[in-house]
Amino acid sequence: MPLYSTRHINDHSVLAVWRIEEGVDELRRQVYLSKKDEEMFATFHSEKRCKEWLASRLLTQMMLEEDVSISYEPTGKPYILNSEWEISITHKNEFIGVVLGKNRRVAVDIELLSTRLDKVYDYFLRPEELNSLVRGERSFQLHLIWCAKECLVKIANRKDLRVLEDMYVHPINPRKNKFVAEVREDNIMIPYTFFYERLSHDYVVVWTSDTEKVINLLL
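Sequential numbering of the sequence shown, starting at 33, is according to the working numbering.
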């Protein structure tokens, strides 16, 4: 399972991205599964789903260097059983991303760079966000905003979150690899610092941890 990228975000958080090249049988031989995990795995019929599910668990176990089990809250948010580590998982085609935070909320999202978001930007983009896009960087920044809002959904862990009213991404400076986005929590907009990295020429990964102090990126 070839490691594509790792980032030690801070003393409490780490990110890893892998490119899946193994088949289901090879992944299954390498990963620990509890009895409950085995029962869940037996319900999957899609090879793609099997590979993503196994790979995310194998990557998590390798990052923590121990056998762990992952379960899910009713909202769909994953968590590691009997662990102080928070987890966020993302997958897109052959890429799997996992970010871990020790007693810290974390989130990660991977997106394929394409023209799809150019057709649906009014669904997730405020007018002021649209006006802030940098000429020549429009498509890429659309993907950054999309990924950031996907991460904010994971951070907030609420089903009633509104993409336009409850989330806002500040203007992105293309010369920096970080930016600020906010999400409404208890009627207060809470800011998070986001970081990003290209995965080859066709993908981008965006992540955040609530241990990150919001740096003044708006100047």
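Just so you know, even glycine gets a beta-carbon here, dropped at the ideal spot from N, CA and C.
For residue i, collect the residues of the same chain with a Cβ closer than 6 Å to its Cβ; drop the 5 residues on either side in sequence, then sort them by chain order.
{"i": "residue 240", "result": "139, 183, 224, 226"}
{"i": "residue 200", "result": "214"}
Is it the case that the Cβ atoms of residue i and residue j are separated by a distance below 8 Å?
{"i": "residue 254", "j": "residue 206", "result": "In the structure as shown, the chain starts at 33 and stops at 251, and residue 254 therefore has no counterpart that could be examined."}
{"i": "residue 220", "j": "residue 176", "result": "no"}
{"i": "residue 211", "j": "residue 178", "result": "no"}
Given this structure, state the Cα-to-Cα distance separating residue i from residue j, to the nearest angstrom.
{"i": "residue 228", "j": "residue 209", "result": "6 Å"}
{"i": "residue 49", "j": "residue 62", "result": "17 Å"}
{"i": "residue 136", "j": "residue 160", "result": "30 Å"}
{"i": "residue 84", "j": "residue 42", "result": "26 Å"}
{"i": "residue 222", "j": "residue 181", "result": "13 Å"}
{"i": "residue 91", "j": "residue 111", "result": "14 Å"}
{"i": "residue 218", "j": "residue 53", "result": "43 Å"}
{"i": "residue 174", "j": "residue 164", "result": "11 Å"}
{"i": "residue 132", "j": "residue 51", "result": "18 Å"}
{"i": "residue 99", "j": "residue 153", "result": "41 Å"}
{"i": "residue 196", "j": "residue 58", "result": "43 Å"}
{"i": "residue 188", "j": "residue 242", "result": "11 Å"}
Spatial neighbours of residue i within its chain, please: C-beta separation below 7 Å, excluding the five flanking residues on both sides.
{"i": "residue 234", "result": "144, 145"}
{"i": "residue 69", "result": "101"}
{"i": "residue 79", "result": "56"}
{"i": "residue 186", "result": "109, 120, 139"}
{"i": "residue 89", "result": "63, 102"}
Spell out the partners DSSP gives residue i in its beta bridges.
{"i": "residue 214", "result": "200, 223"}
{"i": "residue 327", "result": "As displayed, the chain neither begins before 33 nor continues past 251, which places residue 327 out of reach and without an answer."}
{"i": "residue 138", "result": "241"}
Between which residues of its own chain and residue i is the CB-CB distance below 8 Å, once the five residues before and five after are set aside?
{"i": "residue 95", "result": "46, 48, 130, 132"}
{"i": "residue 76", "result": "82, 85"}
Are at least three pairs of beta-carbons, each pair with one atom in the stretch 184 to 193 and one in the stretch 148 to 164, less than 8 Å apart?
Verdict: no, contact absent.
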